[in-house]
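Trainee: As they're listed, the protein sequences go chains C and A.
First residue of the first sequence? That's 55 in the numbering used here, and the numbers climb one at a time after it.
First residue of the second sequence? That's 55 in the numbering used here, and the numbers climb one at a time after it.
Don't be surprised by glycine CBs; every beta carbon is placed ideally from N, CA and C.
Encoded as structure tokens, here's the structure I'll be asking about.
Number of protein chains: 2
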Amino acid sequence: MNIKEKLAELNEKGCTLTIQRHAVLEYLYANHTHPTVEEIYYSLKKKFSAISKATVYNTLELLKNYGLIQEITIEKGKLHFDYEVKPHHHFLCHRCNQVYDVDVEGCPLAGKEMIDGHKIEELRPYIIGTCSKCLKKKG
Amino acid sequence: MNIKEKLAELNEKGCTLTIQRHAVLEYLYANHTHPTVEEIYYSLKKKFSAISKATVYNTLELLKNYGLIQEITIEKGKLHFDYEVKPHHHFLCHRCNQVYDVDVEGCPLAGKEMIDGHKIEELRPYIIGTCSKCLKKKG
DNA sequence: TTCTTGACTTGGAATTGTTCTAATATTAGA
DNA sequence: TCTAATATTAGAACAATTCCAAGTCAAGAA
């Protein structure tokens, strides 16, 4: 889903499209690197020096609740965010703390609505390890 | 793996078996409810009134590094721990914040060592939703 | 056993990440 | 343009975790 579609959806659903909200969504659209809240905040500060951390948190929460972005809890103690909401695996390198997308086919949970009597609402398939770049450094 | 085997493994590897470390491992062995650090700390306080939070954190980190327990980052902002280290899915209910084990067969990552050039060291397959108990409450 | 050294634990301070709050600013509709 | 509702701001408050210095304990040497 491109950014115009997401903005249109927000608009349709009656969400006020402030410049800050636009900026946060735009930032995630331009940076598919799974940034942390801190990274988003400091990057936006460069353009909108008055933007507040609370606004960044509120906006991320709002976009998440509209189903337009994805929250990632792969790294302990801090949140990452992803523009892409289609279910896909995330890989965290415990050396450089970079989060990568990885493609895994054949997940048995795909499309499932219930498991053990619990209602499935979101999949968060995470993998921890050492990324290709850090493997090379090792030598 | 039962607790005696884990204690033996610690001993073999030259890890000092203090009463605090024993207590933390014992607590996880007796409570397969995926407790948070806070829950572990306050439960142990009842028996060992002098135990410090730092020791609980240090011990959990140590046991994790020995591969004897598992850290769970399913809930934002806080850690849960699991005595069981065999890969299995965890389900977080976003209403009651309870973490459940769920059984999912046929994970395509099982046994895999590499993905996209990254070295896989740990799988963290998480699912978010509403648990069976909370689904009943809803009505 | 006593001594010594290194490892472990403690309590509290410091740090980090997130949420809350009250005041101000902006928006959309009348 | 006015009004009421909503959004943003700055900083305080809060929660989870890590750090630190001091004291304690454990294992091996004498």
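Per DSSP, Phe102/A forms a beta bridge with which residues?
Mentor: Looking at the DSSP assignment, Phe102/A forms no beta bridge with any residue, so it has no partner.
Trainee: Return helix, strand or coil for Arg75/C, following the three-state DSSP convention.
Mentor: Note: Arg75/C maps to helix in three-state DSSP.
Trainee: In whole angstroms, give me the CA-to-CA distance for His76/C and Thr113/A.
Mentor: C-alpha separation (whole angstroms): 45 Å.
Trainee: Quick one: what does DSSP say Cys185/C is sitting in, helix, strand or coil?
Mentor: Coil, per DSSP.
Trainee: Determine the closest residue to Val139/A out of Cys147/A, Asp155/A, Asp170/A and Asn151/A, with distance taken between C-alpha atoms.
Mentor: Answer by Cα proximity: Asp155/A.
Trainee: What are the uninterrupted segments assigned as beta strand (DSSP E) that are 3 or more residues long and contained completely in the region 91 to 179 of chain C, given in chain order?
Mentor: If we require 3 residues or more, the beta strand (DSSP E) runs fully inside the region 91 to 179 of chain C come out as 124 to 126, 134 to 136, 143 to 147 and 153 to 156.
Trainee: Applying the 10 Å Cβ sphere with the 16-neighbour rule, what's the burial state of Tyr120/A?
Mentor: Under this definition Tyr120/A is an exposed residue.
Trainee: Please report the residue range of the alpha helix (DSSP H) in which Asn85/C lies.
Mentor: Premise fails: Asn85/C is in no alpha helix (DSSP H) and is neither H nor E.
Trainee: Output, in chain order, the set of chain C residues within a Cβ distance shorter than 8 Å of Thr127/A.
Mentor: The contacting residues are Thr127, Ile128, Glu129, Lys130 and Tyr180.
Trainee: What whole-angstrom Cβ distance do Phe135/A and Cys185/A have, given they're in contact under 8 Å?
Mentor: In fact, because the Cβ distance is near 19 Å, the residues do not count as touching under 8 Å.
Trainee: With a threshold of 9 Å between beta-carbons, can Asp136/C be considered close to chain A, or not?
Mentor: Not closer than 9 Å to any Cβ of chain A, the Cβ of Asp136/C fails to qualify, so no.
Trainee: Leaving out five residues on either side along the sequence, give the residues of the same chain with a beta carbon under 7 Å from the beta carbon of Ile182/A.
Mentor: Result list for Ile182/A: Leu146 and His148, in chain order.
Trainee: State yes or no: is the beta carbon of Thr113/A nearer than 9 Å to at least one beta carbon in chain C?
Mentor: No, no contact with chain C.
Trainee: What are the residues in the region 148 to 175 of chain C lying within 8 Å of chain A by C-beta distance?
Mentor: Residues passing the 8 Å Cβ filter: His148, Tyr154, Val156, Asp157, Val158, Glu159, Gly160, Cys161, Pro162, Leu163, Ile169, Asp170, Gly171, His172, Lys173, Ile174 and Glu175.
Trainee: So, for Tyr180/A: in the same chain, excluding its five sequence neighbours on each side, which residues have a beta-carbon less than 6 Å away from its beta-carbon?
Mentor: Excluding residues within five positions, the ones whose Cβ falls inside 6 Å are Ile128 and His144.
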